[in-house]
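Numbering (this note's numbering), first residue to last: 1179 to 1277. All C-beta atoms, glycine included, are put in the ideal place defined by N, C-alpha and C. These notes concern the structure reproduced below.
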Ligand SMILES: [Zn+2]
């Protein structure tokens, strides 16, 4: 059985760990981003960003007026913080890859 190949260079590299970023899209507010020492055009993993900030991100770090963030706010309203945390833990362990 052969799986379709996912090439690392199909994704932008994380500005922190250098690994490809294959997560779904999101944007923090610019203050959070610059606190982490990120440039506007940088990409990074949520866990890497939290590592830089030395604190967990929360819903207030993702401005609802940015369309990319609507999935976070939808999930938050639905009380799915637990699901998001599990998703994040799975991404940290590398269990979830881009399909
Ligand atoms: Zn990273």
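- In the DSSP assignment, residue 1209 falls within the alpha helix (DSSP H) that extends over 1208 to 1213.
- The three-state secondary structure of residue 1190, taken from DSSP, is coil.
- Straight through space, the alpha carbons of residue 1232 and residue 1213 are spaced by roughly 10 Å.
- According to DSSP, residue pairing for residue 1198 in a beta bridge involves 1191.
- In this structure, the C-beta of residue 1221 stays at least 6 Å away from each heavy atom of ligand 1.
- Distances taken from the Cβ of residue 1194 to the heavy atoms of ligand 1 include one shorter than 6 Å.
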